[in-house]
Amino acid sequence: MPHNGQLTSQKRFSQIGFSRLIRLEWLERTANLALAGNDESSIYDALQRLLDNKLYGGKNVKGGSREKTIAILRKVWVRPPIHLICLRDDGLEILSHIPREEHVIIHWGMTMAAYPFWSAVAMHIGRQLRLQGTTSVGQVQRRISEQYGERGAVSLAVQKIFLSLADWGLLSRTANRGIYVPGLSFAINDIRVIAWLVEAFLHVHQGGPLMLDTILNSPSLFPFLINPVSAGQLVKASGRLDAFSVGIGQDFLVIGKAN
49 MPHNGQLTSQ KRFSQIGFSR LIRLEWLERT ANLALAGNDE SSIYDALQRL LDNKLYGGKN
109 VKGGSREKTI AILRKVWVRP PIHLICLRDD GLEILSHIPR EEHVIIHWGM TMAAYPFWSA
169 VAMHIGRQLR LQGTTSVGQV QRRISEQYGE RGAVSLAVQK IFLSLADWGL LSRTANRGIY
229 VPGLSFAIND IRVIAWLVEA FLHVHQGGPL MLDTILNSPS LFPFLINPVS AGQLVKASGR
289 LDAFSVGIGQ DFLVIGKAN
């Protein structure tokens, strides 16, 4: 019989959570507030001001769009699940050292880790882009509904993720409603960034183990061209990754006990 920790983990992987358009500038602002050392209350107030007149429903409107949006922003960069705190801290530190145009990589990784549903949607988007060069909101909604159930909330959340990815510049709309093509792509050569992104990916898959090639070539990382690296390089660059081999060219990675 699963213990409480397992039940909590299972629940996290069956939840949607990400149900609003999240603009990249809002994530950037939230991360900057955290980097500046603001406490949770100050960050909450700053986000209320940021979203004032942009979204309906402030702190006095229970369940309002603004409150739900702030909840997502805070879960990513302010109060992530406890097992993601080290990942969050390292992500903030990386943000302070890489060019602004590359920040989307870190926002992607932290959003993916905090919201496994995001990663599931990205996986289907990436698969469609590889197969046909385009991706359809309707097709992804159908695939995700097979995993999460035929619920209106599922279809709405998929739509919001598409809109978010378009805002981030990672998908581009076409003349056909609900059809998107790839947007910006980013080459990732910094070993520390790669190791951090690999750790974020492993958190989506409950810590691994996963084959290195599976991670680096995952459709759920479709906007990124990751420089080939070895498992040993990743372990050396991260204090929380462990690796083992089961054959030639079959290197596996797992989040180690240090996390």
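Numbering follows the numbering used here, with no gaps: position 47 of the sequence shown is 95.
Quick reminder that beta carbons are idealized off the backbone N, C-alpha and C, glycines included.
Ser203 to Ile296, Cα distance in whole Å?
If you number the sequence shown from 1, residue 203 lands on position 155. If you number the sequence shown from 1, residue 296 lands on position 248. Rounded to whole angstroms, Ser203 to Ile296 spans 42 Å at the Cα level.
Closer than 7 Å by C-beta to Gln207: which residues in its own chain qualify, once you throw out the five before and the five after it? Chain order, please.
For the purposes of this step, residue 207 is identified with residue 159 of the sequence shown, where counting begins at 1. Result list for Gln207: Val185, in chain order.
Proximal residues to Asp290 (C-beta, below 6 Å), its chain only, five neighbours per side dropped:
Stepping through the sequence shown from its first residue, residue 290 is reached at position 242. Cβ within range, chain order: Val302 and Gly304.
From Thr262 to Asp299, what distance separates their C-alpha atoms?
For the purposes of this step, residue 262 is taken as residue 214 along the sequence shown, with counting starting at 1. For the purposes of this step, residue 299 is taken as residue 251 along the sequence shown, with counting starting at 1. For Thr262 and Asp299, the distance between alpha carbons rounds to 10 Å.
For the beta strand (DSSP E) that Ala223 lies in, which residues bound it at each end?
Position 175 of the sequence shown holds residue 223. Ala223 -> no beta strand (DSSP E), and no H or E assigned at all.
Can you tell me where the alpha helix (DSSP H) holding Leu72 begins and where it ends?
Translated into the one-based positions of the sequence shown, residue 72 becomes position 24. Start and end: Leu72 to Leu83.
Once you ignore the five residues that flank Gly197 on each side, which residues in its own chain have a CB closer than 7 Å to its CB?
For the purposes of this step, residue 197 is taken as the residue at position 149 of the sequence shown. Excluding sequence neighbours, Gly197 sits near nothing in its chain.
By DSSP, does Phe210 sit in helix, in strand, or in coil?
Residue 210 sits at position 162 when you count from the first residue of the sequence shown. If DSSP states are grouped into helix, strand and coil, Phe210 belongs with the helices.
Within 10 Å of its beta-carbon, does Leu245 have 16 or more other beta-carbons around it, so buried, or fewer, so exposed?
As a position in the sequence shown, residue 245 is number 197, starting the count at 1. That one is buried.
Spatial neighbours of Ser67 within its chain, please: C-beta separation below 7 Å, excluding the five flanking residues on both sides.
Within the sequence shown, the letter at position 19 stands for residue 67. Here the set comprises Lys116, Ala201, Leu204, Ala205 and Lys208.
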